[in-house]
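For the working numbering, add 235 to where a residue sits in the sequence shown, where the first one is 1.
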Amino acid sequence: MQILPRDIWSPRIVVPDANTVWTVGSVFTVTWDVSTRPARVTNWDGKVVLGYMQEGDETDEHLSFEHPLAQGFNLTQGEVEITVPDVAPSNDYIIVLFGDSGNRSPKFTIVN
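Spelled out as structure tokens, the structure:
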């Protein structure tokens with residue numbers, strides 16, 4: 236069996252960005268740049284997970300794997316709608332886009 240080479244694709248998240256404010260219970264669109272898609276992608280099946288960063292610890296993303304914001308979509312779509320979960324207000328939230336590779340957004344704000 237021949238194993239073909241595969242490219243790792245980590246699309247840049249466009250929205251949310253550092254100026255984004257989401258409101259609990261509202262519907263928002265997460266978007267990412269699909270212009271850099273390689274010819275062979277390892278995994279087209281996407282998942283968006285919410286997390287947060289704590290001051291002084293830029294390595295632990297505190298990701299909520301058990302409650303993904305969205306999953307089962309094709310990464311080539313470039314966007315997916317999510318409903319903001321009931322979480323505590325903070326300006327340290329992030330999302331991670333999983334599929335071929337994980338990619339983290341900048342920190343953004345969620346309010347009630």
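Heads up, the beta-carbon is just placed ideally off N, CA and C, and yes, glycines get one too.
### Query
Would you say Trp244 reaches chain D, if we count a Cβ-Cβ gap shorter than 8 Å as a contact?
Looking for chain D here will not work: only one protein chain is present.
### The beta strand (DSSP E) enclosing Asp295, as first and last residue numbers
Run containing Asp295: none; DSSP gives neither H nor E here.
### Query
Is DSSP giving Thr311 helix, strand or coil here?
helix
#### Entry: Span of the beta strand (DSSP E) around Asn278
It is not in any beta strand (DSSP E) - Asn278 carries neither H nor E in the DSSP assignment.
#### Entry: Bridge partners - Phe356, DSSP secondary structure assignment
Here the chain has residues from 236 to 347 only, and residue 356 is not among them.
### Query
Quick one: what's Arg339 bridged to in DSSP?
Val331
### Task
On a CA-only basis, which of Val315, Val249 and Val322 is nearest Val283? Give me that one, please.
Val315
### Task
Drop a sphere of 10 angstroms on the beta-carbon of Ser181, count the other beta-carbons inside from all chains shown, and report buried for 16 or more, exposed for fewer.
Absent from the structure is residue 181, since the part of the chain shown begins at 236 and ends at 347.
### Task
Count the C-beta pairs between the region 292-301 and the region 274-281 that are closer than 8 Å, then say yes if the count reaches three, no if not.
At 8 Å Cβ cutoff, the stretches do not touch.
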